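K.L.:
Chains as they are written, first to last, in the UniProt record's numbering: chain A, 1 to 292; chain B, 1 to 235.
(1) For residue 113(B), I'd like the list of residues in its chain whose CB is within less than 8 angstroms of its CB, leaving aside the five on either flank, ordered along the chain.
(2) Thinking residue 252(A) and residue 10(A) are a contact (beta carbons under 8 angstroms), I'd like their distance in whole angstroms, please.
(3) Using a Cβ cut-off of 8 angstroms (strictly closer), state whether residue 292(A) contacts chain B.
(4) Excluding the five sequence neighbours on either side, which residues of its own chain have a C-beta within less than 6 angstroms of the C-beta of residue 52(B), listed in chain order?
(5) Identify every residue that forms a DSSP beta bridge with residue 204(B).
(6) Could you name the residues of the segment 95-128 of chain B whose beta carbon sits closer than 8 angstroms to any beta carbon of chain A, in the order they occur along the chain?
(7) Can you look up residue 268(A) in the DSSP assignment and give me helix, strand or coil?
(8) Measure the alpha-carbon distance for residue 155(B) versus residue 75(A) and round it to whole angstroms.
(9) For residue 54(A), which residues from the same chain have a beta carbon less than 7 angstroms from its beta carbon, with the 5 sequence-adjacent residues on both sides left out?
(10) With three or more C-beta pairs closer than 8 angstroms as the rule, is the segment 122-131 of chain A touching the segment 234-243 of chain A?
(11) Check the Cβ-Cβ distances between residue 169(A) and every residue of chain B, and say whether any is below 8 angstroms.
(12) Just checking: is the beta-carbon of residue 218(B) within a distance shorter than 8 angstroms of some beta-carbon in chain A?
(13) Using C-beta distances below 6 angstroms, list every residue in its chain close to residue 110(B), excluding the 5 sequence neighbours before and after it, in chain order.
(14) If we define contact as Cβ-Cβ less than 8 angstroms, is residue 237(A) a contact residue for chain B?
(15) Please confirm if residue 50(B) has its CB atom under 8 angstroms from at least one CB of chain A.
(16) For residue 251(A), which of helix, strand or coil comes out of DSSP?
(17) Which partner residues of residue 110(A) appear in the DSSP bridge assignment?
(18) Looking at residue 198(A) and residue 71(A), is the spacing between their C-beta atoms short of 8 angstroms?
(19) Do the segment 17-32 of chain B and the segment 276-286 of chain A meet, that is, are 3 or more Cβ pairs less than 8 angstroms apart?
(20) Evaluate residue 17(A) with the Cβ neighbour count: other Cβ atoms within 10 Å of its Cβ, from every protein chain shown; 16 or more gives buried, anything less gives exposed.
(21) On the DSSP letters alone, give me the boundaries of the beta strand (DSSP E) that residue 14(B) sits inside.
(22) Would you be able to state if there are at least three C-beta pairs under 8 angstroms between the segment 144-155 of chain A and the segment 81-98 of chain A?
(23) So is residue 176(A) in contact with chain B if we call contact Cβ pairs under 8 angstroms?
(24) Would a C-beta distance cut-off of 8 angstroms place residue 191(A) and residue 168(A) closer than the cut-off?
(25) For residue 38(A), count the other beta carbons within 10 Å of its own beta carbon; 16 or more makes it buried, fewer makes it exposed. Which is it?
(26) Compare the beta carbon distance of residue 99(B) and residue 147(B) with 8 angstroms and say whether it is the shorter of the two.
(27) Could you name the residues that DSSP lists as bridge partners for residue 94(B)?
(28) Residue 142(B) to residue 172(B), Cα distance in whole Å?
(29) Just curious, the beta strand (DSSP E) that residue 236(B) is in, first and last residue?
(30) Determine which residues of the segment 53-68 of chain B have a Cβ less than 7 angstroms from any Cβ of chain A, and write them out in chain order.
(31) Can you pull the chain B residues whose beta carbon is under 9 angstroms from the beta carbon of residue 179(A), in chain order?
(32) Got a sec, what are the start and stop residues for the alpha helix (DSSP H) residue 190(A) sits in?
(33) Would you mind stating whether residue 211(B) and residue 19(B) have Cβ atoms separated by less than 8 angstroms?
(34) If you compare alpha carbons, which of 113(A), 176(A), 196(A) is closest to residue 26(A)?
(35) Let's see if you can read the secondary structure: which residues bound the beta strand (DSSP E) around residue 235(A)?
(36) From residue 164(A) to residue 190(B), what does the alpha carbon distance come to, in whole angstroms?
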């Protein structure tokens with residue numbers, strides 16, 4: 001039973017990783033850039049949610065929505081200012097810029113509001129324990145899990161059923177051919193950043209509710225782990241990010257469950273190293289040689 | 001309909017087109033023949049807005065389209081079937097065709113054009129739910145052409161439609177090109193297969209290292225010693 005309990009915890013944590021990993025993977029899929037500022041967008045989302053709840057007295061869902069909207073805008077601004085001018089530059093230039101943007105957001109936040117942490121109010125969601133077959137699940141983690149799943153289903157619908165989703169897939173497959181269809185590549189890339197960042201913002205609010213404490217540098221470790229999750233699933237592949245995130249969450253929870261809590265973070269990166277050695281294209285990836 | 005006026009196009013420092021001029025009249029099939037690297041594809045890419053000319057102008061129905069965004073040019077009625085087909089292999093045949101109609105909002109018209117394309121290429125109808133990447137080379141060429149037609153273009157740019165296809169299929173593709181033209185779509189055709197191209201075209205241009213070196217009616221060029229030597233196997 002202890003094991004199943006850990007599994008449930010792992011899935012909750014994993015769904016947060018999955019939400020962040022989706023943004024990494026979508027952005028990589030379309031502009032071949034690891035957006036290292038993505039974890040910081042997640043942090044901004046957590047703070048927007050916090051202020052929405054404490055200062056504006058909003059409930060969980062309105063706060064979640066607000067955080068998503070603010071993060072979507074932030075994502076688009078980051079892309080237009082920092083990455084768009086570098087679209088034809090070397091990859092390393094874009095990568096270094098991404099790290100610069102990440103540091104800018106982290107320390108910009110500290111400059112504006114200070115480095116002190118905040119605590120999400122614990123009374124926001126009803127916290128009852130539900131017992132199912134001897135496993136206790138908090139209603140909170142259940143709600144969090146449901147929210148994440150709904151967001152992921154929504155994303156799948158957007159990507160496969162809507163015009164902008166089809167444009168996103170076309171641009172990520174062959175941006176020049178997409179232009180010949182009349183697709184506006186710049187707008188499509190902006191939309192991708194907006195959607196990915198909105199998901200990170202949602203993950204920020206969910207993280208705050210689940211783990212209570214938020215602070216300006218909170219995006220670094222979950223951001224890196226979501227990156228690992230995206231690579232684990234196969235970077236650029238949307239279902240891969242979902243599965244990779246859940247798998248990483250479960251692995252971490254199991255490691256903690258076995259009594260090696262201190263190894264939790266280490267294991268995530270051991271997973272990264274192993275996947276890069278044995279299956280660099282990820283669980284869902286095909287080995288595609290780069291076009292010359 | 002289309003008038004290219006002495007354009008210069010560069011890739012970085014390398015000049016790919018040197019003062020190229022060419023004209024396409026409404027209803028014609030005009031072909032552009034030339035060797036690999038002569039600048040044929042570059043010219044098409046410049047017309048469809050993927051590249052910008054440094055000097056010169058491109059007029060489409062009297063309006064300059066040189067340097068305009070690709071989506072504006074598609075909207076004005078020019079569709080480009082690129083070299084190597086460039087279909088979206090990870091999507092179904094149907095989704096590829098839908099993307100061809102990306103800028104259109106007339107649902108009824110789109111439905112009609114789906115039917116037209118399936119009539120023109122029955123194979124695509126059979127395989128409409130299949131991933132485009134699983135099609136054979138000839139079917140992929142048909143898909144690329146069908147996808148371009150979904151934009152309901154008045155001018156169709158075709159880049160090497162016969163490339164890599166078996167001779168029988170090449171014939172089929174050229175028959176379809178004539179059919180598309182007979183419905184009223186003007187065609188600018190780039191080909192290395194000069195024989196086939198000249199057999200369907202009204203007029204032709206010969207391009208060599210970025211310059212138009214010869215032009216005239218298809219019969220004239222077919223008879224020209226220069227063309228025979230260089231492009232028709234020289235007997």
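The beta-carbon is built from N, C-alpha and C at its ideal position, and this holds for glycine as well. This structure is a prediction, so every number in the text was calculated from the model and none was measured.
P.N.:
Put simply:
(1) Correct list, in chain order: 101, 149, 150, 152.
(2) 6 angstroms
(3) Legend: pLDDT at residue 292(A) = 39, less than 50; position of this residue unreliable, no value from coordinates given.
(4) 67
(5) 31(B), 216(B)
(6) Answer set for the segment 95-128 of chain B: 95, 98, 99, 100, 102, 103.
(7) helix
(8) Computed Cα separation, rounded: 39 angstroms.
(9) 121
(10) no
(11) Yes - at least one Cβ of chain B is within 8 angstroms of the one on residue 169(A).
(12) no
(13) When the five nearest sequence neighbours on each side are left out, the beta carbons in the same chain lying within less than 6 angstroms of the beta carbon of residue 110(B) are those of 101, 104, in order along the chain.
(14) It does not: the Cβ of residue 237(A) has no partner Cβ on chain B nearer than 8 angstroms.
(15) Yes, its Cβ sits closer than 8 angstroms to a Cβ of chain A.
(16) Note: residue 251(A) maps to helix in three-state DSSP.
(17) Partner(s): none; residue 110(A) has no beta bridge.
(18) yes
(19) no
(20) buried
(21) 14-24
(22) no
(23) yes
(24) yes
(25) Of the other Cβ atoms in all chains shown, 16 or more fall within 10 Å of the Cβ of residue 38(A); this residue is therefore buried.
(26) yes
(27) Residue 94(B) is not bridged to any residue.
(28) 10 angstroms
(29) As shown, chain B starts at 1 and ends at 235. That puts residue 236(B) outside it, with no answer to give.
(30) none
(31) 48, 49, 50, 69, 70, 71, 74
(32) 185-211
(33) Yes. Within cutoff.
(34) 196(A)
(35) Premise fails: residue 235(A) is in no beta strand (DSSP E) and is neither H nor E.
(36) 32 angstroms
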